[in-house]
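When the sequence shown is numbered by this note's numbering, its final residue is 883 and no position is left out of the sequence of numbers.
All remarks here apply to the structure that follows.
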Amino acid sequence: MLSEISEKGNIMFSYSRQSVPVQQKVSLKVQNQPLRQVLDQLLTPLGISYSVVEQQIVLKPAGTVDESAQTLQKKQKFTLSGYIRDQSTGEIIIGANVYDRDTYQGTTTNGYGFFSITLTEGNYQMAFSILGYEKVEKPIQLTSDMRLSVELKEAAISMREIEIVSKEGDEALVKVNNGSVRLSGSTLKQMPGFAGNVDVIKSLNSVPGINAFGDGSTFYYVRGGNNDHNLLMIDDAPIYNPSHLFGFFSALAPDAIKDVKAYKGDFPASYGGRLSSVIDVRARDGNMKRLGFSGNLGPYTSDLTLEGPIKKEFSSFIISGRRSNLNWLNFSSLSNRTFSINFYDLNAKINIRLNRNNRLFLTAYSGNDDFSRFSTSAVHTFGIQWKNAAGTLRWNHIFNNRLFSNTTASFSRYDYYLFISRQDNNYWTSSISNATLKTDLTWYPNPGNTVKTGVELSNHHSNPGNIHFSEDDIQKNTPVIPQYQSVDVTLYLSNEQIIREKLMLNYGLRFTSWRDLGPTTVYLFDGTHKVIDTATVADRAVYKSFANVEPRLSIGYALTKRLLVRAGYSHTVQYLQMLSNSTSPFTSLEVWAPSGPNIKPQKSDQISLGIVQQFSRGVSFTLESYYRLFSNQIEYMDHANMLYNPLIEGEIRFGDAKSYGVEALLRKSEGKFSGWIGYAWSRVFRTIEGVNNGKEYPAYYDRPNTVCVNLSYRSGKHWEFSGSWIYLTGSPTSTPVGFYEYNGYTVPIFGAKNNDRLPDYHRMDVAITCWLNKPGNRFRHSLVFSVYNLYGRHNPFIVNFNKIMDDKGNFYVPSDLDGNFEIVPTQLSVAGALPSLNYTFRF
C-alpha cells in the first residue's frame, strides 16, 4: 500500500520495519482525495502517526512521532564509504548498487569500486548488489563516519545473465545515462565472436546506434559520426587503431577486460576529444587472493592469462597474451609466393594497495601486426606492419569519506609501416602519439549530489607520413614532410543531482584550449586550394590556437517507479582528425592531423529524447530519438593523394552534416533465457563545398535500417546456446550511369555522389558452449563451437563495373551479340561461413 501511495503521490516514506507493522495486510479504496486524508484513513486504525521530515514522510508508532521528528531534525549526518570487491578474486566491482533497504537512498560504485553516501545518524539495513552476484545486506549503526569494504560472491549459476546496462536491479530508475551501454567481461564471453574469439567492438555492433562497416572490419559508426569520431580507451589511454589482420580481429584480448562502457554522443563532461562516442575499457586488476591461470586454444588465435597476488590482499598482477595461429594457412600455391601473417596482444597490470587511502595501478598494452610476402628463399620483398603501445600509471587517493581523487599519467602511440623493401629496410611510415597527465576529483556532498571536476594536460605528436631509406646518400635527398605537434589543456566540472527522488539532472561544462606548436612548415591555400604562402615556424612557437566551451545536460524524470522519461543535449569539439580517402575496411593506413590554419575543429550538437520502461522479471524497453548537426566536416577531392604529400591539407574539402534517428531496444536480463532485440532507423547526409556540385548526399556510412538480435539460453549445468543476427541497409556507393569509348578504352560516366547502394548486409553467428567440469569446481573448462556467418551470406564491400576476368585470367568488357556494352557489376566479399572450435580453461 505504501508503494502504491508513494508512486501515485510522488513521495517517499521513511520508517523502521521493527516499529511499524508493514507486513500487516490492509484494504483501502480512495479516489480524488487529498494525500493527508488518505494517510489518515490508512494509518490511524493501525496506531501509526506520521510527520514530514526533510521532504520525507516519517512513520512512527502513535504518540512518539513528534518527539522522534524533532530528534531526527537535530541528528547529525555521517558518511558511509568504502570499496566493493569480488569475494573470490579481490577485484573491485564497477557499478555496484549501495542503498538503504528502508528509504532506498543509495549510490553506485565508481570506476574504481569506491562508493560514498551521506545519511542521517541512525540504524540502517544497507544492501549491496549487482547483477551476477549474490546480494549482501548489512545492519549499520551510523553514529560516525564509517569506512566499509564489502565482498560479493558470484551467483551460484554456471554463467551470468546478459547485462548491457549498468543501472539495473534495485537502484532507483531515475538514474540518467542517455545513450550509454555497459558490457561486463562475462557478458562479452557469452556473445558469439569472430572465429571463436570474443570481440569488444563487434559485440557493441549488436547494440542499436553503433553500426559496423561489415565483415572483417573494426570500423564502426555511431549516430551519424565518422569512424575517427570515436574514442577508444583502455584504462584512460587512447588506442588509435584497435584492429588486427586489417580489422578481422579487435586488438583487445578479452580475458584481460573487466568492464566496457560505451557512450553514444551524450557522454559526461569528463570525456572529450571526439564527436560521436567514447568507449571506456577497464582492464582486470588481477587476483589478490590466489594464483590462477586461464586460456583459450583455437585454430585462429590462442591466448593465455596468468594472475595472482604479489602480496596477498595488498597487491596483485595480471599478464594476458594472445597470438595468431594463421600461418598454418598455405598461400604458397599462389604464383609461388608465400605470405606470413602474424599478430599479437600483450596486456599487463599491477595493482598495489598502499594503505586504506591510497592505491596504485600500472597498466601496459602492446599490440603488433605483421603481414609479409617473401619468396621461397625466405627473403622478404615487401610487407605491412602496424603497432599499438599504451601505458598508464594511476593513483587513487581518498582525502576523506566524501572526496575521492584519481591522478593518471598515460602514454599512447600508433605506428604504421609500408615496406618498400624489407631486406633493404626501406619503408614509408606514419605515426601518432599522445602523452597526458590529468587529475579527477569526485565529491559526494550528500546522496542527491555527485560533483566531479578535473584538469587535463596533453601533448600530441603526429607524423603524416615520411619515407625512410637505409642508405644515407638517398635519405639526405629525400623530401621531408613536416610533422605536427600540439598541446591542449582541459578543465571540466559536472554535477549529478537528484531532486525529490523523481528528477535527476546531470549537467556540466568542459573547457578546452588547443595550441599548435613548431617546428614545422605551414602552407597557406587560397580559395582554389592552391598554395599562396609558406611560413616556417620555430621550435615551440605557437602558430595557431583554439578555445571552446562544451556544455552537457541530461535530464531524467520518473513518471512512475518503472517509467522514466529522459532528454539530453551535448556540444562536442574534436581537434584531431584522421585523413584517409579510402572507404575500404581493410586498411590500417591512417594519417592524423590536428586542427590548424587550414583545418578548423570539427563540432557537433546533439539533442536526444527517450523513455525507459521496466517490466517484471528483468524485462525492459528503451526508445530514444536523436538529432545531430555537424560542422567543419572533412571530405576529399576526387583522386586525392594522401600518401607522402606535403600539401595534404590542400586535398581536403569542408562542409556540414546532419543525422537523425530512432533507436529501440527490448531486453531481458534475468533467467535462463536472456538477450535483447534492437532496431534503429537513422539517416546521415553531408553537404560539402566542391563535392557533388555542392548538393546534399548520403554519407557512405548512411544505413537507414538496422536490426540486431542477441539471444542466450542456458540448459542445465553444462550447456549454453547463443546466437546473434544483424541486418543493415546496404551502404551508399557511387556507380556509373553510363560508359563511352575513348581511344580504345571504356570510360565510365558517374553521376551524383553515392547515387546507389550495395546489397543489404545481414549475418547470423551462433555458438554452443559445453562446460566439461562440475559446477563449483575450481578448475573450469569448456568446448566452444561457433560459426561466423552461419548461412554463408556473401556481403559485398565493393562493387566493380564493366570489366571482369575470363577463365584465362584476362580482363575484358562484356558485350551482347550486337556489340553493345553492358553494365555488368562484379562484387567482392570477405568470406562465407567460418566455423571454429575452441577450448577454454580457467583455474
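Just so you know, even glycine gets a beta-carbon here, dropped at the ideal spot from N, CA and C.
Just so it is clear, the structure is predicted and the values come from calculations on it, not from any experiment.
Residue i versus residue j - alpha carbon distance
{"i": "residue 179", "j": "residue 153", "result": "21 Å"}
{"i": "residue 332", "j": "residue 818", "result": "10 Å"}
{"i": "residue 278", "j": "residue 644", "result": "21 Å"}
{"i": "residue 704", "j": "residue 722", "result": "12 Å"}
{"i": "residue 186", "j": "residue 317", "result": "38 Å"}
{"i": "residue 591", "j": "residue 532", "result": "10 Å"}
{"i": "residue 323", "j": "residue 389", "result": "8 Å"}
{"i": "residue 879", "j": "residue 338", "result": "7 Å"}
{"i": "residue 47", "j": "residue 600", "result": "6 Å"}
{"i": "residue 513", "j": "residue 578", "result": "27 Å"}
{"i": "residue 789", "j": "residue 776", "result": "5 Å"}
{"i": "residue 556", "j": "residue 637", "result": "9 Å"}
{"i": "residue 882", "j": "residue 697", "result": "49 Å"}
{"i": "residue 184", "j": "residue 709", "result": "38 Å"}
{"i": "residue 735", "j": "residue 793", "result": "9 Å"}
{"i": "residue 733", "j": "residue 725", "result": "15 Å"}
{"i": "residue 299", "j": "residue 348", "result": "19 Å"}
{"i": "residue 467", "j": "residue 680", "result": "21 Å"}
N-terminal and C-terminal residue of the alpha helix (DSSP H) that residue i is part of
{"i": "residue 696", "result": "Not the alpha helix (DSSP H): residue 696 falls in the beta strand (DSSP E), residues 692 to 708."}
{"i": "residue 78", "result": "75 to 83"}
{"i": "residue 241", "result": "240 to 244"}
{"i": "residue 335", "result": "Unbroken run through residue 335 is the beta strand (DSSP E), 332 to 337; no alpha helix (DSSP H)."}
{"i": "residue 56", "result": "Taken as a continuous stretch (DSSP letters only), residue 56 belongs to no alpha helix (DSSP H), as it is neither H nor E."}
{"i": "residue 510", "result": "Careful: residue 510 lies outside any alpha helix (DSSP H) and carries neither H nor E."}
6 Å Cβ shell around residue i - same chain, five flanking residues per side excluded
{"i": "residue 581", "result": "558"}
{"i": "residue 719", "result": "704 and 747"}
{"i": "residue 354", "result": "393"}
{"i": "residue 147", "result": "138, 155 and 157"}
{"i": "residue 858", "result": "In this prediction, residue 858 scores a pLDDT of 44, lower than 50, which makes its location untrustworthy; the coordinate-derived value is nonetheless stated afterwards. Nothing meets the Cβ criterion."}
{"i": "residue 675", "result": "693, 728 and 731"}
{"i": "residue 667", "result": "647 and 700"}
{"i": "residue 756", "result": "none"}
{"i": "residue 55", "result": "99"}
Selected residue, minimal CA-CA separation from residue i, among the options
{"i": "residue 158", "options": "483, 578 and 657", "result": "483"}
{"i": "residue 673", "options": "264, 443, 606 and 65", "result": "264"}
{"i": "residue 345", "options": "294, 395 and 302", "result": "294"}
{"i": "residue 292", "options": "122, 273 and 305", "result": "273"}
{"i": "residue 695", "options": "595, 794, 360 and 642", "result": "642"}
{"i": "residue 685", "options": "815, 325, 470 and 603", "result": "470"}
{"i": "residue 434", "options": "325, 500, 329 and 824", "result": "325"}
{"i": "residue 754", "options": "231, 141 and 88", "result": "231"}
{"i": "residue 62", "options": "74, 406, 575 and 142", "result": "142"}
Beta-carbon proximity list for residue i, same chain, < 7 Å, skipping 5 on both sides
{"i": "residue 418", "result": "Because the pLDDT of residue 418 is 49, which lies under 50, any placement of that residue in the model is unreliable, and the question is left without a value."}
{"i": "residue 554", "result": "526, 528, 585, 586, 615 and 635"}
{"i": "residue 872", "result": "829, 832 and 834"}
{"i": "residue 607", "result": "595, 648 and 649"}
{"i": "residue 682", "result": "619, 620, 621, 631, 688 and 691"}
Buried versus exposed, by CB contacts within 10 Å (16 or more), residue i
{"i": "residue 251", "result": "buried"}
{"i": "residue 40", "result": "In the structure displayed, the chain extends from 41 to 883; residue 40 sits before or after that span and is not available."}
{"i": "residue 270", "result": "buried"}
{"i": "residue 289", "result": "buried"}
{"i": "residue 195", "result": "exposed"}
{"i": "residue 664", "result": "buried"}
{"i": "residue 458", "result": "buried"}
{"i": "residue 436", "result": "buried"}
Same chain, Cβ closer than 8 Å to residue i, neighbours up to 5 away in sequence not counted
{"i": "residue 535", "result": "489, 490, 491, 492, 545, 546, 547 and 548"}
{"i": "residue 759", "result": "808, 809, 810 and 811"}
{"i": "residue 149", "result": "123, 124, 132, 133, 134, 135, 136, 138 and 155"}
{"i": "residue 367", "result": "380, 381 and 382"}
Span of the beta strand (DSSP E), counted from its first residue to its last, around residue i
{"i": "residue 590", "result": "582 to 598"}
{"i": "residue 44", "result": "No beta strand (DSSP E) holds residue 44; the alpha helix (DSSP H) holding it covers 42 to 49."}
{"i": "residue 184", "result": "Element bounds for residue 184: n/a, residue is neither H nor E."}
{"i": "residue 66", "result": "Run containing residue 66: none; DSSP gives neither H nor E here."}
{"i": "residue 304", "result": "297 to 304"}
{"i": "residue 682", "result": "Looking at the DSSP string, residue 682 is not in any beta strand (DSSP E), and its letter there is neither H nor E."}
{"i": "residue 612", "result": "603 to 614"}
{"i": "residue 517", "result": "Unbroken run through residue 517: none, as it is neither H nor E."}
{"i": "residue 750", "result": "745 to 755"}
Any C-beta of chain C under 9 Å from that of residue i
{"i": "residue 722", "result": "Considering every chain present, this structure includes no chain C. It has just one protein chain."}
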